[in-house]
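Notes for the one structure printed next.
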Amino acid sequence: RETYSGLRIIEKLSKNQNENVAWMIKENNELISILVTSIKTAQNNMNNSK
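All residue numbers for the sequence shown refer to my numbering, where the first residue is 774 and numbers rise by one.
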């Protein structure tokens, strides 16, 4: 989330590299989604093994 906030600030300040920053924001969001899904799966696996 800190990275996302930083990228949003860069996006607002940068006029020439918005395409690159937009790509980085998209990648960041995808990584967050992957991590959230992994955490939920791990938690479910731990709960099911009890």
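All residues carry an ideal CB built from backbone N, CA and C; glycine is no exception.
On the three-state DSSP scale, how would you describe residue i?
i      : result
Ser787 : coil
Ser778 : helix
Around the Cβ of residue i, are there at least 16 other Cβ atoms within 10 angstroms (buried) or fewer (exposed)?
i      : result
Leu804 : exposed
Leu780 : buried
If we call anything under 8 Å between Cβ atoms a contact, is residue i one with residue j?
i      : j      : result
Asn802 : Thr776 : no
Ile812 : Val794 : no
Please go through the region 791-818 and give each complete alpha helix (DSSP H) segment of 4 or more residues, from N-terminal end onward.
none
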